[in-house]
Every structure is written in structure tokens, then in C-alpha cells.
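In the UniProt record's numbering, the protein residues as written are 1 to 233.
Glycine included, each C-beta is placed from N, C-alpha and C at the ideal position.
In this text, all values refer to a predicted model and were calculated from it rather than measured experimentally.
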């Protein structure tokens, strides 16, 4: 089951824009206050929301890269001890494991040769697309474990719904929505970014969001709302 959605930007082979956790933007939180909503506040709101988007995009890219590296490490030779084959051939020669052609060797895994493409797609410059990839991996994992783990599909679906909600909130949050709904709509984007980074567990992104929230709190006078974060994977 593939969960695809409209991307928030055209896919690209370029790496996502990096950010500096210590960077400071001028008065980014002043746009979230109940002060006058003149034209000067428009770029300030976009700066804050854009910063959150950058942090979350970076977090999803790091998460997917780590997930792919872990998958590759698990599938590399030698075979696991539980695999019904010997680790080495009769001559105790494991050199075939390090060559490009090892069909017939003890380290040969036919199921890997049948699908030589990346099992986990490369991260893109689209936050929504990256979240879609992560959701696909969560669902695949639930299908693998559904006979052994109680309610695994239900929990995966709940987690996927949260991830999609947070990502869409970050991507779709804009000045027009904030101007109509007031301060709460702006903080909804902030909270969504924090929850998303917390779930992904990317430390540098968590620290960047904490730093951004601290700056916003000092200028506005406190973080509103909140809510728990699902840790189901």
C-alpha cells in the first residue's frame, strides 16, 4: 500500500537546503503576536514558517538516509546465524563474499538479486514526499509483523496519520491562514514541526526546533498549546 500525496515542491536530485542551528532571524516571533497585522509582518511570518519547514525537511532526509544505511547493513554478508546455510564454503574461503559476482556462494541471497533497486527511495527536496516514503516503510513493517505483534497495523495507521498531519500543517501553514485565525494558527505550525522532529529522533533537528521555540517564547511570552508525541514506530 503506497501513500502518495502532492509534493510541496518539485523533486530534485539536489540535497535539501542546509541550515545553521545557531542562526537568528530578525523578530520572527513578532508576527505571531496580537499586534497590528500590517504588510511588514508578512515576511516575518514566512521567515518563521520557512525556518520550521527547513528543519523538518532536513530531519526527514537524515532519517531516511539512516534508515537506508541500516537496511543495507542488515542485508550485507555474512548471512545471519539463523539462515539455513553455512557461513563459508567447504574450503573456509569467504573471498566470494567480497566480490561482485558471488552467485552460488554461501553468502548469496537470491531475494536481494531479484530487486537490485533501492528498497528505500532517496530523500527528496519535498517534505511531504519524504513523509510519504516514511509512511510506506511503516506500513510495510506492520505487514511484516502483523501475525506476531498485536494491533501493529492499527498503531502504524495511527502513527502515519500523525506524521501526515504534522507535515501538512508545516507545509500548508501560511500568512493568510494565520491572519484569519490569529496567533493559534501560527503556533500550530510550530507545534507540528516540534512533534515531527521529536518523532523522527534526529538530534540536530530537535535542538534546532528547541532553539527556535526558545526564541519565539522569549519574544511572544510563552509557547501556547502542545500535546503529546506518538512514539509508535
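Item, Value
"Residue 164 and residue 56 closer than 9 Å at C-beta", "no"
"Short Cβ contact (9 Å threshold) for residue 169 with residue 192", "yes"
"Whole-angstrom distance between residue 188 and residue 123, CA atom to CA atom", "25 Å"
"Proximity winner among 121, 136 and 61, relative to residue 72 (alpha-carbon distances)", "121"
"Per-residue burial, residue 184 [other beta carbons within 10 Å of its own, 16 or more giving buried]", "exposed"
"Residue 216 vs residue 69 beta-carbon contact at 9 Å", "no"
"Under 9 Å between C-beta atoms of residue 200 and residue 133", "no"
"Opening and closing residue of the alpha helix (DSSP H) in which residue 152 lies", "152-172"
"Backbone secondary structure at residue 202 - three-state DSSP", "coil"
"Helix, strand or coil at residue 145 [DSSP, three-state]", "helix"
"9 Å Cβ cutoff, residue 192 in contact with chain D", "The chain labelled as chain D is not found in the depicted structure, where only one protein chain is given."
"Cβ-heavy atom distance, residue 201 to the ligand PLP, below 8 Å", "The ligand PLP is absent from the structure shown, which contains no ligands of any kind."
"Distance, residue 52 Cα to residue 209 Cα", "7 Å"
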